[in-house]
Amino acid sequence: MTDAPQTPALFAPREPIFPRRVTGPFRRLKWWIMGVTLGIYYLLPWLRWDRGPNLPDQAVLADLAGRRFFFFWIEIWPHEFYFIAGLLIMAGLGLFLFTSALGRVWCGYTCPQTVWTDLFILVERWIEGDRNARLRLWKAPWDARKWRLRITKWAVWLLIAVATGGAWVFYFTDAPRLAVDLVTGQAASVAYASIGVLTATTFIFGGFMREQVCNYMCPWPRIQATMMDADTITVAYRDWRGEPRGKHRKGARAAATTGTATAYDTGQANALPKDAATANLGDCIDCMACVNVCPAGIDIRDGQQMECITCALCIDACDEVMDKIGKPRGLIDYLALSDAPRERAGQPPIPVWKHVLRPRTLLYTAMWGAIGLGLMFALFIRSDIELTVSPVRNPTFVTQSDGSIRNIYDVRLRNKSGDDRDFRMSLTADTPLRIDLQGSETLSVNVPADSTKLQRVYVTARPQDPAATRDRTPLRLWVEDTETGDRASSSTTFNGKATP
Amino acid sequence: MTADPNDPKPAKPPVDDVTGIETTGHSWDGIEELNSPLPRWWLWTFYATVIWGIAYTVAYPAWPMIDRATTGILGYSTRAEVAADIAAFEDATAELSAQLARADLTALEPDDPLHRYAVSSGAAVFRTNCSQCHGSGAAGARGYPNLLDDDWLWGGTVEQIAYTVRHGIRNEQDPDARWSQMPAYRDLLTPDEIAQTVEYVVSLSDRPHETAQAAQGAEIFADQCSACHGEAGTGMREMGAPNLTDAIWLYGGDREALTATIANARFGVMPPWGPPRLSEAQVQAVAAYVHQLGGGEASEASDVPAN
Ligand code: SF4
Ligand code: SF4
């Protein structure tokens, strides 16, 4: 071991990153995705959906107190949580699929951390200027101007953060009413606490932590690494085309453009072997555009890195440069690493679909589709009426004074419709059995709209009936909506007093 | 450049030759560790959690001592919290309980909120106080009546059940307890006579029997038993005398059990559960609960449905 003073610092402050503005197809795509996802997030709770007088009219509502989840025409009850579980599994499989096919697309385009960071950087650029202005401001002393700009920026960030935290709670209560309650101080303290926590995380993660969240806090980048292989299409630098990098001289550039025109036209530009006419320099002019636009603050030319979220902004930046110097686009590009040796040897890459269609992506798609179809099926066979029967097994049967045998069942009746309903109960079995309802002389039960009722049901076999002395008799309990005729049933067993 | 321990003061931190990355300078058998510095905010977060941890152990119960844990300067305890929750709950239901104590149970509709409150709180009272003898499902056991069936020794209307709960059966504590006593016939009848009576009792519930024996038993029955059990053996609720013609036998209906019952008599006891043991509201609640278990009878002057 060496002396202590030689040990370098084991902790490092965050290196500030000042991503430059960039234009191009990927940047445009990202703006669109940001607009759509944020638009959905902020506005969805305000969308109304008419469900009749007894049910909330919010299109998407997770009513925790009432234990219902409303999604447009779908209403999920707690015992149907498998829908949510299924959707979560589908979301997971979807991420696996996209990651194994296209690398960290989730990170680069749709992850909330990326989207909100992107928005915060946009605000930062509007207020403090582009990369160079921000760099200067960062180095400048804390004078009035710097304070003014910083405070303006933080204020706008905070506004966005409050809106973000605020939008979240609207998914859990009727939005218009909650908005009024929030402003007048009438809302539940948990609402204010949720807004506070989400405001703080949005403000800190989007404004100050940014790539630190991805690099040090998020487990997903590590998990993703196990889902990628050499066929995964990801952002990479064609070093065989770009190296050795260096500033191009005029003559060399002209020679490069004329000497290679035919090859570019055949679409094999990226596979082009080094031409002696380019004065031994590759296509990379070492302008640092790709580094300057990178929100992760890395240099993609160093190869695949853990920090790269594959936002593709470096592709846009480099393509712009390539256009200017008259070289083909795609020095930095989406490509599969298994194509590298082929391209290096001057052969064309294999088609993208061959990279994408491989056993693991097909398997993920199949699983994803199977669960999706299963859920759809389950959704369509759902009815407005349901019953679950739990036989009372303590005791298994009761002997009545006339010698008849009675079994007791706790039946949970669910009326999922928006109206009060009268349900009539009945039973079917292959031997005579009699059904009675606790607390009622008739066989009909009123179940209020959108609620459940626990009804105790007695089933009796007279002493001479076979069921009275048979060990077990299967039977089916039915419930029928007296108005619509909808029926539901559940099978159960009748326990007799078996003769010893 | 690898660190040389003989070099007293290298100018720069040591650097790994292969990767060009700084090393921590630590070397184990020539294996060196690359330096990947943690972010400084991580360090501060770590310090913050340490401070939080210390503050927590000072403020809240934390360290196990010999007979108890440190109490923490905030004096927080989960037991106190539970006690407060229970008190708050009792406060919240005080009004309902007071109403229930006064309520006329026979007049309560099944859907009345007060009835629902009575049944659910009665279930809790039953589990705590009654299930030891009557079973958690109220199915009873030999000598302890099944409360689910339609056979009641002392009456099955809700107010009769409430009376039984309040005063109990054959106990010395409550002068109002339900009371009756069957004589032990081993000193009054010969074994033959007892056997004949048993045969007659068996015949009452339409079971196979010795006709001649039973006919002799019928005479003994008329002399000795019918005063309480009735001429036809259908029992008498004022005396708590069971119906002998039905299918329900508290102490067993086979010849052996009947012989033991007639020879020795039975003396089932139930303690009085009225105040101070249970509050009046709890007595009413448990009566309402038992009444709706399946065997409750309708009261004369009301329309409480029976099953
Ligand atoms: S943007 Fe392109 S040309 Fe410029 S440094 Fe990066 S890879 Fe080289
Ligand atoms: S290297 Fe390129 S794709 Fe990766 S994070 Fe940076 S800009 Fe985005």
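Chains as they are written, first to last, in the numbering used here: chain G, 1 to 500; chain A, 501 to 807. Quick reminder that beta carbons are idealized off the backbone N, C-alpha and C, glycines included.
Using a 10 Å radius around the Cβ and a threshold of 16 neighbouring Cβ atoms, would you call alanine 101 of chain G buried or exposed? buried
Skipping 5 residues on each side, what residues in its chain have a beta carbon closer than 6 Å to that of arginine 476 of chain G? Thr428, Ser489, Ser491
Look at the Cβ atom of aspartate 174 of chain G, then the Cβ atom of proline 19 of chain G, and state whether they are nearer than 9 Å. no
Taking 8 Å as the line, does the beta carbon of phenylalanine 310 of chain G fall inside it for any heavy atom of ligand 2? Position check: residue 310 of chain G holds threonine in this sequence, whereas phenylalanine was assumed. Answer for threonine 310 of chain G: yes, Cβ within range of ligand 2.
Own chain residues within Cβ distance below 8 Å of aspartate 286 of chain G, not counting five before or after: Arg245, Gly246, Lys247
Would you kindly work out how many angstroms separate the C-alpha atoms of threonine 493 of chain G and glycine 403 of chain G, rounded to a whole number? 20 Å
Any beta carbon from chain A within less than 9 Å of phenylalanine 11 of chain G's own beta carbon? yes
For threonine 745 of chain A, I'd like the list of residues in its chain whose CB is within less than 6 Å of its CB, leaving aside the five on either flank, ordered along the chain. Leu704, Ser705, Gly733, Thr734
Please determine whether the Cβ atom of isoleucine 76 of chain G lies at a distance below 8 Å from any heavy atom of ligand 2. no
Using the beta-carbon count (16 or more within 10 Å), is serine 451 of chain G buried or exposed? exposed
Sorry if obvious, but does the Cβ on leucine 335 of chain G come closer than 8 Å to a heavy atom of ligand 2? no
Report yes or no: do three or more beta-carbon pairs, one from the segment 28-39 of chain G and one from the segment 114-123 of chain G, lie closer than 8 Å? yes
Identify the residues that DSSP records as bridge partners of valine 459 of chain G: which are they? G:Asn407, G:Ile435
Let me know the beta strand (DSSP E) ranges lying completely inside the segment 596-643 of chain A, each 3 residues or longer, listed in chain order. none
Step through the CB atoms of chain A and report whether any lies within less than 9 Å of the CB of glycine 403 of chain G. yes
Below-9 Å beta-carbon distance, proline 273 of chain G vs any chain A residue: For proline 273 of chain G, the predicted structure reports a pLDDT of 46, less than 50, and the residue's modelled location is therefore unreliable. The matter cannot be settled from this model.
Below-9 Å beta-carbon distance, arginine 301 of chain G vs any chain A residue: no
Leaving out five residues before and five after proline 16 of chain G in sequence, what residues of the same chain have Cβ atoms less than 8 Å from its Cβ? Trp138
Just verifying my parser: in three-state terms, what is the DSSP assignment at histidine 709 of chain A? coil
Would you check if the segment 747-758 of chain A and the segment 630-649 of chain A touch, i.e. whether three or more CB-CB distances between them fall below 8 Å? yes
Taking the C-alpha atoms as reference points, what is the distance between aspartate 339 of chain G and aspartate 319 of chain G? 20 Å
DSSP on lysine 153 of chain G, reduced to helix/strand/coil? helix
Taking DSSP as the reference, what is the three-state secondary structure of leucine 413 of chain G? strand
Can you check whether the CB of arginine 48 of chain G is closer than 9 Å to the CB of alanine 59 of chain G? yes
Take the Cβ of aspartate 676 of chain A as the centre, count every other Cβ of all protein chains shown within 10 Å, and call the residue buried at 16 or more, exposed below. exposed
Can you pull the DSSP bridge partners for serine 426 of chain G? G:Trp478
Let's test the definition: count the other Cβ atoms within 10 Å of the Cβ of arginine 241 of chain G and tell me whether it reaches 16, buried, or not, exposed. buried
Proximity of valine 769 of chain A and arginine 666 of chain A at Cβ, strictly below 9 Å: no
Any non-hydrogen atom of ligand 2 within 8 Å of cysteine 218 of chain G CB: no
Which residues, taken in chain order from the segment 651-670 of chain A, show a beta carbon closer than 7 Å to some beta carbon of chain G? Asp651
If you reduce the DSSP assignment to three classes, tell me which class leucine 443 of chain G lands in. coil
Report the option in G:Val447, G:Cys314, G:Gln400, G:Val389 whose CA atom is closest to the CA atom of phenylalanine 26 of chain G. G:Cys314
For a contact defined as C-beta to C-beta under 8 Å, what are the partners of serine 636 of chain A on chain G? Asn394
Alpha carbons only, please: which of A:His729, A:Thr711, A:Val701 is nearest the one belonging to alanine 757 of chain A? A:Val701
Measure the alpha-carbon distance for alanine 366 of chain G versus glutamine 305 of chain G and round it to whole angstroms. 31 Å
Along the chain, where does the alpha helix (DSSP H) that runs through asparagine 495 of chain G open and close? Run containing asparagine 495 of chain G: none in the alpha helix (DSSP H); it sits in the beta strand (DSSP E), 487-495.
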